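Asker:
Number of protein chains: 2
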Amino acid sequence: MTGLRAKQKADRNRRILEAAASLFREVGYDSARIEDIAERAEVSVGTFYNYYENKGDILVATVSMEVEEVLESGKAIVENPPATTLDALQALIDQYFDHSLVYLSKEMWRIAMATSIQQPESPFSRRYTELDGRLCDQVSMLVQKLQLRGAVMPGIDAVAVGQMAFNNLNMMFIEFVREEAMTLETLKEHVARQNRPLALLISSPRIQ
Amino acid sequence: MTGLRAKQKADRNRRILEAAASLFREVGYDSARIEDIAERAEVSVGTFYNYYENKGDILVATVSMEVEEVLESGKAIVENPPATTLDALQALIDQYFDHSLVYLSKEMWRIAMATSIQQPESPFSRRYTELDGRLCDQVSMLVQKLQLRGAVMPGIDAVAVGQMAFNNLNMMFIEFVREEAMTLETLKEHVARQNRPLALLISSPRIQ
DNA sequence: AAAAAAGATTGAATGAGTTCAATTTTTAAG
DNA sequence: CTTAAAAATTGAACTCATTCAATCTTTTTT
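Note that the protein sequences, when read in sequence, are chains A and B. Residue numbering for the first sequence follows my numbering, starting at 405 and increasing by one per position. Residue numbering for the second sequence follows my numbering, starting at 405 and increasing by one per position.
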């Protein structure tokens, strides 16, 4: 069922997304006009709006692709985490943070996050939120894995702990993208300090 | 040095803020046009922009006043918290949540949060962020107080624990305002579950 | 193959946020 | 009191994001 129409649709979609992503990178979000994006993608302004609900939406789409990569890159660590709770948590979180600024600027993160909060019903916001939920699950799954291994005490609510750790890192990431001057290193240090009490307390005594 | 100019400025500022807050409440953020706000405040559109950088800014200003009240209302609980860590934390957090929807709709929260993330440098975003920091400090201070009382074990990094608890509740609040259908009760339950492991683990054994 | 229906594209029109040069008001100086 | 300087106000003009009725393309039906 790959008719001409479907092929054209996929092609236009790709062109618009690429045009937007490149323009955002070149001139920033605010200076990239829909008209410019449409022109670069060789479609009309109206067509742009056939593919994306609004300007923020296409940025969220771009950022979502990045989050998917982050999620993917986290799998390896959850599969085979470091031995101690502290190291394992920190390894996963640092992985997230390191990945986050490879393709995206702080400005792009800010706008994507803001858009996903402001218009939570738009399709790409939903997608973004869903990916966020998957990241949260990944952290929880790490804690569960550590619990199965015996590194985390039995009886601990691993899901609750994972959610709290994730919400904390997520909020800290928001703080990070808000402050242009804050470095990745500082972010990691702060989160590491915040994680330490929880990580140590849930760990089985002999494993330290 | 209360010249005429200063008095007029304060008066216009108040009128604009009140006009905006009432209009937002009456017709919602999107439908409230700057022109309408200016008209109700009996100033020109240009003057509006002399007092607020943009439309989002004045919403953030409105919301900030609310956050100040929340902060104020939290003081009582920190001064004289419930005996156990779990109860004390939950009392403070529930207080925050209960206060949050008295004057503000979810929509207003969404837009205020989005604006403060998107334009972190604007004066009112800074103010909002600063208030957020004070809320975070308040949670940390509660944990410190519990530690002094002996309810929380010595040796625990109370500040780190407080920050994590705050970041968690803040992120959960974002989730709450994102989902129009989510009730305050559900929010409280989720956060209560997330807090339990941390609260129990940091508590001194005999105090349970 | 022609006609009808469905699906997409188009770009001019719309509308709201924002800007800024001209004007007015207030303060300070002479 | 007059005049100059500083500060604030004003609203028409401008910029974009967004919409939508008309048009064109693709698919389906006969």
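Yeah, the Cβ is synthetic: ideal placement off N, Cα and C, and Gly gets one too. Values in this document were obtained by computation on a predicted structure and should not be read as measured data.
Would you give the residue range spanned by the alpha helix (DSSP H) that residue 532 (chain A) belongs to?
Answerer: By 1-based counting over the first sequence, the position of residue 532 (chain A) is 128. That run of the alpha helix (DSSP H) goes 527–553.
Asker: Taking residue 567 (chain B) as the query, report the chain A residues whose CB atoms sit under 7 angstroms from its CB, ordered along the chain.
Answerer: Here the question's residue 567 (chain B) lines up with position 163 in the second sequence. Under the 7 angstroms cutoff, chain A gives 598.
Asker: Taking 6 angstroms as the limit between beta carbons, can you name the residues of its chain near residue 461 (chain A), skipping five residues before and five after?
Answerer: On the first sequence, residue 461 (chain A) is found 57 positions in, with the first residue counted as 1. Taken in chain order, the residues that qualify are 526 and 528.
Asker: Quick one: Cα of residue 554 (chain A) to Cα of residue 554 (chain B), how far?
Answerer: For the purposes of this step, residue 554 (chain A) is identified with residue 150 of the first sequence, where counting begins at 1. For the purposes of this step, residue 554 (chain B) is identified with residue 150 of the second sequence, where counting begins at 1. If you take the alpha carbons of residue 554 (chain A) and residue 554 (chain B), they lie about 30 angstroms apart.
Asker: Using a Cβ cut-off of 7 angstroms, which residues of the region 494–517 of chain A contact any Cβ in chain B, in chain order?
Answerer: Listed by position, the residues of the region 494–517 of chain A near chain B (Cβ gap below 7 angstroms) are 514, 515 and 517.
Asker: Using DSSP with H/G/I as helix, E/B as strand and the rest coil, what is residue 611 (chain B)?
Answerer: Stepping through the second sequence from its first residue, residue 611 (chain B) is reached at position 207. Bear in mind that the predicted position of residue 611 (chain B) carries a pLDDT of just 44, short of 50, making it too unreliable to give a figure here.
Asker: Which bits of chain A does residue 583 (chain B) rub up against, with CB to CB less than 8 angstroms?
Answerer: Within the second sequence, the letter at position 179 stands for residue 583 (chain B). Those within 8 angstroms of residue 583 (chain B) in chain A are 524.
Asker: Would you say residue 609 (chain B) faces chain A, with C-beta separation under 7 angstroms as the test?
Answerer: The sequence position of residue 609 (chain B) within the second sequence is 205, counting from 1. No, residue 609 (chain B) does not count as interfacial toward chain A.
Asker: Measuring alpha carbon to alpha carbon, tell me which of B:421, B:558 and B:484 ends up nearest residue 609 (chain B).
Answerer: What you label residue 609 (chain B) is simply residue 205 of the second sequence in a count that begins at 1. Per the Cα distances, B:558.
Asker: Could you tell me if residue 465 (chain B) is buried or exposed, where buried requires 16 or more neighbouring beta carbons within 10 angstroms of its beta carbon?
Answerer: Looking up residue 465 (chain B) in the second sequence gives position 61. Buried, by the Cβ-count rule.
Asker: For residue 596 (chain A), which option in A:433, A:499 and A:467 has the closest C-alpha, if you only look at C-alpha atoms?
Answerer: Position 192 of the first sequence, counting from 1, holds the residue named residue 596 (chain A). Nearest of A:433, A:499 and A:467 to residue 596 (chain A), Cα basis: A:499.
Asker: State the beta-bridge partners of residue 556 (chain A) as determined by DSSP.
Answerer: One-based indexing of the first sequence puts residue 556 (chain A) at position 152. Paired residues: A:607.
Asker: Express the C-alpha separation of residue 607 (chain B) and residue 435 (chain A) in angstroms, rounding to a whole number.
Answerer: Working through the first sequence from its first residue, we reach residue 435 (chain A) at position 31. Working through the second sequence from its first residue, we reach residue 607 (chain B) at position 203. Roughly 53 angstroms between the two C-alpha positions.
Asker: Roughly how many whole angstroms lie between the Cα atoms of residue 474 (chain A) and residue 516 (chain B)?
Answerer: Sequence index remark: in the first sequence, residue 474 (chain A) carries index 70 (1-based). Sequence index remark: in the second sequence, residue 516 (chain B) carries index 112 (1-based). When rounded, the distance between both Cα atoms is 28 angstroms.
Asker: Under 7 angstroms, Cβ to Cβ, is there at least one residue of chain A near residue 586 (chain B)?
Answerer: Here residue 586 (chain B) is taken as the residue at index 182 of the second sequence, counted from 1. Chain A contact via Cβ: absent.
Asker: Can you tell me which of the three DSSP states residue 601 (chain A) falls into?
Answerer: Here residue 601 (chain A) corresponds to residue number 197 of the first sequence, with the count starting at 1. Residue state, collapsed to three classes: helix.
Asker: In chain A, which residues lie less than 8 angstroms from residue 541 (chain B) when you measure between Cβ atoms?
Answerer: The count along the second sequence starts at 1 and reaches residue 541 (chain B) at position 137. Per Cβ cutoff of 8 angstroms: no residues; residue 541 (chain B) is ~14 angstroms from chain A at best.
Asker: Would you mind telling me which residues of chain B sit closer than 8 angstroms to residue 561 (chain A), beta carbon to beta carbon, in chain order?
Answerer: Sequence index remark: in the first sequence, residue 561 (chain A) carries index 157 (1-based). Those within 8 angstroms of residue 561 (chain A) in chain B are 597, 600 and 601.
Asker: Whole angstroms are fine: how far does the CA of residue 548 (chain A) sit from the CA of residue 480 (chain B)?
Answerer: Taking the second sequence and counting its residues from 1, the one referred to as residue 480 (chain B) is at position 76. Taking the first sequence and counting its residues from 1, the one referred to as residue 548 (chain A) is at position 144. In a straight line, the C-alpha of residue 480 (chain B) is about 38 angstroms away from that of residue 548 (chain A).
Asker: What is the DSSP secondary structure of residue 508 (chain B), reduced to helix, strand or coil?
Answerer: Walking along the second sequence from the start, residue 508 (chain B) turns up at place 104. Reduced to three states, the DSSP call for residue 508 (chain B) is coil.
Asker: In chain order, what residues of the same chain have a beta carbon less than 6 angstroms from the beta carbon of residue 605 (chain B), not counting five sequence neighbours either side?
Answerer: Within the second sequence, numbered from 1, the residue matching residue 605 (chain B) stands at position 201. No residues qualify anywhere along the chain.
Asker: Could you give the DSSP three-state label for residue 381 (chain B): helix, strand or coil?
Answerer: Absent from the model: residue 381 (chain B). The displayed extent of chain B is 405 to 612, so no value can be given.
Asker: Measure the Cβ-Cβ separation of residue 357 (chain A) and residue 572 (chain B) and say whether it is below 7 angstroms.
Answerer: The structure shown has nothing for residue 357 (chain A), since chain A only spans 405 to 612.
Asker: At 7 angstroms on the CB atoms, spell out the chain B contacts of residue 605 (chain A), in chain order.
Answerer: As a position in the first sequence, residue 605 (chain A) is number 201, starting the count at 1. Chain B residues near residue 605 (chain A): 605 and 606.
Asker: At a CB-CB cut-off below 9 angstroms, which residues of chain A make contact with residue 576 (chain B)?
Answerer: The residue given as residue 576 (chain B) occupies position 172 in the second sequence. Per Cβ cutoff of 9 angstroms: 567 and 571.
Asker: Does chain A have any CB closer than 7 angstroms to the CB of residue 424 (chain B)?
Answerer: Counting from one through the second sequence, the residue named residue 424 (chain B) turns up at place 20. No - not a single Cβ of chain A is within 7 angstroms of the one on residue 424 (chain B).
Asker: With a threshold of 7 angstroms on Cβ separation, who are the neighbours of residue 538 (chain A) within its own chain once the five nearest residues in sequence on each side are excluded?
Answerer: Translated into positions along the first sequence, residue 538 (chain A) becomes position 134. Closer than 7 angstroms at Cβ, skipping near neighbours: 475.
Asker: Does any CB atom of chain B fall closer than 7 angstroms to the CB of residue 462 (chain A)?
Answerer: Working through the first sequence from its first residue, we reach residue 462 (chain A) at position 58. No, residue 462 (chain A) lies away from the interface with chain B (no Cβ there is under 7 angstroms from its Cβ).
Asker: Using 7 angstroms as the limit for Cβ to Cβ distance, is residue 564 (chain B) near chain A?
Answerer: Numbered from 1 along the second sequence, position 160 holds the residue referred to as residue 564 (chain B). Closer than 7 angstroms: yes.
Asker: Output needed for residue 463 (chain B): all residues of its chain with C-beta closer than 8 angstroms, excluding positions within five of it in sequence on either side, in chain order.
Answerer: Counting from 1 along the second sequence, the entry for residue 463 (chain B) is found at position 59. 424, 428, 433, 512, 515, 516 and 519.
Asker: Considering only residues of the region 457–501 of chain A, which uninterrupted alpha helix (DSSP H) runs meet the minimum length of 4 residues and lie entirely inside it, listed in chain order?
Answerer: Fully enclosed alpha helix (DSSP H) runs of 4 or longer: 459–483.
Asker: Rounded to whole angstroms, how far is the Cβ of residue 439 (chain B) from the Cβ of residue 449 (chain B), which I believe are closer than 8 angstroms?
Answerer: Here the question's residue 439 (chain B) lines up with position 35 in the second sequence. Here the question's residue 449 (chain B) lines up with position 45 in the second sequence. Sure, about 6 angstroms apart at Cβ, within 8 angstroms.
Asker: Secondary structure at residue 595 (chain B), three-state DSSP: helix, strand or coil?
Answerer: In the second sequence, the residue the question calls residue 595 (chain B) occupies position 191. Helix, per DSSP.
Asker: Along chain A, which residues have their Cβ under 9 angstroms away from the Cβ of residue 633 (chain B)?
Answerer: This structure does not reach residue 633 (chain B), given that chain B is present from 405 up to 612, and the question cannot be answered.
Asker: Please list, in chain order, the chain A residues whose beta carbon lies closer than 8 angstroms to that of residue 521 (chain B).
Answerer: As a first step, residue 521 (chain B) must be located in the second sequence, where it is residue number 117. Chain A residues near residue 521 (chain B): 514, 517, 518, 521, 578, 581 and 582.
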